[in-house]
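Here's the structure, in structure tokens; my notes come after.
There are 2 protein chains.
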Amino acid sequence: MRVSRTQAAENRQTVINVASRLFRERGFDGIGLKDLMKGAGLTQGAFYKQFASKEDLAVEASRRALESASGRWSDAAAAHPDDPLGAVISFYLSGDHRGEKLDGCPMVALGSDAARQGPEVKAEFEAGVRAHLDVLDRFIAGTGQEASRGKAMAILATMVGAVTLSRVVNDPDLAQALLDAAAEQVRDAAAA
Amino acid sequence: MRVSRTQAAENRQTVINVASRLFRERGFDGIGLKDLMKGAGLTQGAFYKQFASKEDLAVEASRRALESASGRWSDAAAAHPDDPLGAVISFYLSGDHRGEKLDGCPMVALGSDAARQGPEVKAEFEAGVRAHLDVLDRFIAGTGQEASRGKAMAILATMVGAVTLSRVVNDPDLAQALLDAAAEQVRDAAAA
DNA sequence: TTTTTTAGAGGTCGATCGCAATCTAATTTA
DNA sequence: TAAATTAGATTGCGATCGACCTCTAAAAAA
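Protein chains in written order, with the numbering used here: chain A, 1 to 192; chain B, 1001 to 1192.
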């Protein structure tokens, strides 16, 4: 089935979008190309006309997921001009976000996996980390840009760690307590 | 080749130990039973005499890894009675620990993976999280046990998140900055 | 107590059977 | 015609299991 040039380009984007979600849900090793393509409404044979390899797709999907994630941060902040940082904290450290395995933060969903990937995937994560830090920087009560950068790093680490931990425990109360404790510390740190 | 009862028990422990390391290095899905057993000096056929399934082994290996990890915290603290918390922070948020994929913290190495596992694996991680929190609790300048628990949770989240992030980026300077920023915030939080 | 049996635990090797990633030939239509 | 997609083939590894073997450990017999 031949498809128009623009349609083909759309298909490519669809595959990347689907992959960015399914990788988050099941891990890079947890989903095969067949299911991945099926999720995009295509068959596996079409894969290698669009991507060089599964790792190539992992790179594209990582970029897409990270961009989407930092975009959500910017959006949340923009929607609450009175307290942009508070808005980011509230949504990120929420029970809802804990449950959002598919669309949630890729640093949480794929952090351990990304640490085992090649430099190209890591480069995407590195860019994503920097983008998130930039968003935080903008809203932190910082004395100088250097002090602010350090605060942003600690805050990002706390947030990522809290959601990660909240997902590896069964007890919902413990999970919520972890999120709450992190939120409190992050608010303090940002204000200090 | 039949072996003695104690030898068999030893073999079982060896498999668990090897698995606790290889799972951390390559993820639950990243290593097969054949290589796992080879690492223990046995053949794959012996596996099902000792374990019901790969998931069964994942549970045992998770427990082993978490116990070892919280043990390291206790040991580090015990070795520095003057500043137990500082000792834990220094070793955990070090460049060395960042590079210790095999023996490092399982919450970092397997956090994303564990979130996708069944409740039995998560139960081991939950117990591990609680054990780590207990160690922190003991050394935090806390007003009451409740305030201290919250602090411990935020500190643990920050530490886990920082090492995770430090491993998903390529740039060693950024990685170190993340660890340093987390260490500073954690020290402040513990003293507050 | 000492010897002899014997059940079966713990092991090896190899088979199964499905799914993985990857590539090629054929099909379709812009 | 030629680009885009497909179905199907290939090749290899995944978890799991079964047949068989060896000897330990515990019971039975001396």
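No residue lacks a Cβ here, since even glycine has one placed at the ideal position from N, Cα and C.
Predicted model only: the values in this text are computed from it and were never measured.
Query	Result
Out of 108/A, 27/A, 161/A, state which residue places its alpha-carbon closest to the alpha-carbon of residue 69/A.	108/A
State yes or no: is the C-beta of residue 24/A within less than 8 Å of the C-beta of residue 1026/B?	no
Please identify the residue among 149/A, 165/A, 169/A whose C-alpha is closest to the C-alpha of residue 1181/B.	149/A
Could you pull the start and end residues of the alpha helix (DSSP H) that residue 1074/B belongs to?	1054 to 1079
Mind listing which residues of the region 1103 to 1127 of chain B have their C-beta closer than 8 Å to chain A's C-betas, in chain order?	1107, 1108, 1109, 1110, 1111, 1112, 1113, 1114, 1115, 1116, 1119, 1122, 1123, 1125, 1126
For residue 94/A, name the three-state secondary structure that DSSP assigns.	coil
Helix, strand or coil: which one does DSSP assign to residue 1166/B?	helix
Pull up the distance between the alpha-carbon of residue 51/A and that of residue 57/A, whole angstroms please.	6 Å
Where does residue 122/A fall in DSSP's three states?	helix
Mind pulling the chain A residues with CB within less than 8 Å of residue 1184/B?	150, 154
Is it a yes or a no for the region 123 to 139 of chain A touching the region 1122 to 1138 of chain B, going by three-plus beta-carbon pairs under 8 Å?	no
Of all the options 1043/B, 1035/B, 1032/B, 1036/B, which has the alpha carbon lying nearest to the alpha carbon of residue 1001/B?	1043/B
Give me the subset of the region 160 to 184 of chain A whose CB atoms are less than 8 Å from a CB atom of chain B, sorted by chain position.	160, 161, 162, 164, 165, 167, 168, 169, 170, 171, 174, 177, 178, 180, 181, 182, 184
How many angstroms separate the CA atom of residue 1189/B from the CA atom of residue 1169/B?	26 Å
Step through the CB atoms of chain B and report whether any lies within less than 8 Å of the CB of residue 26/A.	yes
Can you look up residue 1101/B in the DSSP assignment and give me helix, strand or coil?	coil
Does the beta carbon of residue 1191/B fall short of 7 Å from some heavy atom of the ligand PLP?	As presented, the structure is devoid of all ligands, the ligand PLP included, so that no description of it is given.
Pairs of beta-carbons, one from the region 1158 to 1165 of chain B and one from the region 160 to 167 of chain A, closer than 8 Å: are there three or more?	yes
Here's the rule: buried if 16 or more other CB atoms are within 10 angstroms of the residue's CB, otherwise exposed. What is residue 1062/B?	buried
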